[in-house]
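One line per chain: the protein sequences are U and C, in this order. To convert, note that position 2 of the first sequence is 2 in our numbering; the numbers rise steadily by one, no gaps. To convert, note that position 5 of the second sequence is 5 in our numbering; the numbers rise steadily by one, no gaps. Notes follow the structure.
There are 2 protein chains.
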Amino acid sequence: MYSPEPLKGTLQTILLKVLKDHGKMYGYEITQRVKELSEGRILLTEGSLYPMLHRLEAEGMLKTETVLMGKRVRKYYALTAEGRSLVKERLNELFDFIKTISTVLQVKIT
Amino acid sequence: MYSPEPLKGTLQTILLKVLKDHGKMYGYEITQRVKELSEGRILLTEGSLYPMLHRLEAEGMLKTETVLMGKRVRKYYALTAEGRSLVKERLNELFDFIKTISTVLQVKIT
DNA sequence: TCACATACATAACTAACCTATGTATTGATC
DNA sequence: GATCAATACATAGGTTAGTTATGTATGTGA
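Set out below in structure tokens:
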């Protein structure tokens with residue numbers, strides 16, 4: 001993803017949230033959706049996307065389903081029950097962060 | 001500093017902004033001010049604070065003045081002209097980040 | 001046929017930040 | 001007058017997130 005420092009650390013939250021909103025999705029589809037939602041400002045790189053998906057799966061937050069499209073493999077990811085509660089947690093954390101940082105920096109949020 | 005992931009990457013912005021608002025300050029004073037402003041939620045550690053101050057000084061964003069308080073050394077940091085323009089840049093970046101992430105996650109900011 | 005988009009994946013590197021450690025002074029409590 | 005906490009600086013070493021670079025392979029439009 002692109003680099004304004006604070007964006008680092010939000011990757012997991014972003015993935016969980018788009019999966020929550022759009023149901024099962026495959027990796028490439030996620031990159032496109034995020035690009036669209038952010039109007040081209042957030043470009044997920046494979047090097048961060050796939051390791052994070054694998055990690056979330058290993059931790060039981062995501063479940064996968066592999067589908068063959070012609071000869072091409074597609075791996076769909078969806079939230080598990082645990083994953084659904086993690087989304088809420090991550091979103092709350094991010095919301096807290098935005099409130100705290102806005103206070104400290106006295107930035108007006110419009 | 002403490003760890004809700006997104007806070008990582010905001011250290012430089014925080015330092016620059018408190019120095020902009022409060023004029024010359026020394027390291028320990030900064031940790032206390034930030035703790036106060038954040039109501040105890042952001043606790044800067046020396047291990048991140050001092051290297052960042054040194055770095056900003058080396059880059060010409062901060063100038064220093066060492067003062068002896070009795071037998072104890074105090075090193076005051078203040079923004080240079082370059083530093084002042086960097087604050088604006090960093091604050092704009094952070095503001096953009098908050099806007100972008102809010103859109104993508106469809107979080108309502110109050 | 002050649003380039004670009006789709007689709008997965010991982011190894012190696014970078015950079016930020018934290019933990020741990022070190023030195024030393026000051027002030028409060030026992 | 002000893003001991004602990006707070007004040008005040010600093011850096012070495014480790015962790016981890018994310019990037020860059022690379023690899024494999026299919027589908028599609030010029």
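In this text, a Cβ means the ideal position worked out from N, Cα and C, and glycines have one as well.
Start-to-end residues for the alpha helix (DSSP H) that takes in residue i
i                : result
Arg41 of chain U : Unbroken run through Arg41 of chain U: none, as it is neither H nor E.
Lys88 of chain U : 81-105
Glu46 of chain C : 46-58
Lys17 of chain U : 11-22
Beta carbon of residue i nearer than 7 Å to that of residue j
i                : j                : result
Gly9 of chain C  : Lys99 of chain U : no
Gly60 of chain U : Glu93 of chain U : no
Thr31 of chain C : Leu16 of chain C : no
Lys24 of chain C : Ala58 of chain C : no
Between the CA atoms of residue j and residue i - distance to the nearest angstrom
i                 : j                 : result
Met52 of chain C  : Val34 of chain C  : 15 Å
Thr103 of chain C : Val18 of chain U  : 12 Å
Tyr76 of chain U  : Leu105 of chain C : 21 Å
Thr110 of chain U : Gly70 of chain U  : With a pLDDT of 48 at Thr110 of chain U, under the threshold of 50, the predicted position of this residue should be treated as unreliable, though the coordinate-derived value follows. Distance between the alpha carbons of Thr110 of chain U and Gly70 of chain U is about 48 Å.
Tyr50 of chain C  : Val67 of chain C  : 17 Å
Glu39 of chain C  : Ile101 of chain U : 11 Å
Val73 of chain U  : Asp96 of chain C  : 37 Å
Lys88 of chain U  : Leu62 of chain C  : 40 Å
Arg41 of chain U  : Gly27 of chain U  : 18 Å
Thr80 of chain C  : Glu36 of chain U  : 39 Å
Ser20 of chain C  : Glu29 of chain C  : A quick correction: the sequence has Lys, not Ser, at residue 20 of chain C. Each residue's alpha carbon lies about 14 Å from the other.
Where residue i falls, given that 16 or more other Cβ within 10 Å makes a residue buried
i                : result
Arg90 of chain C : buried
Ser85 of chain C : exposed
Gly47 of chain C : exposed
Arg55 of chain U : exposed
Thr13 of chain U : buried
Pro6 of chain U  : buried
Residue interval of the beta strand (DSSP E) (run including residue i)
i                : result
Lys63 of chain C : 62-69
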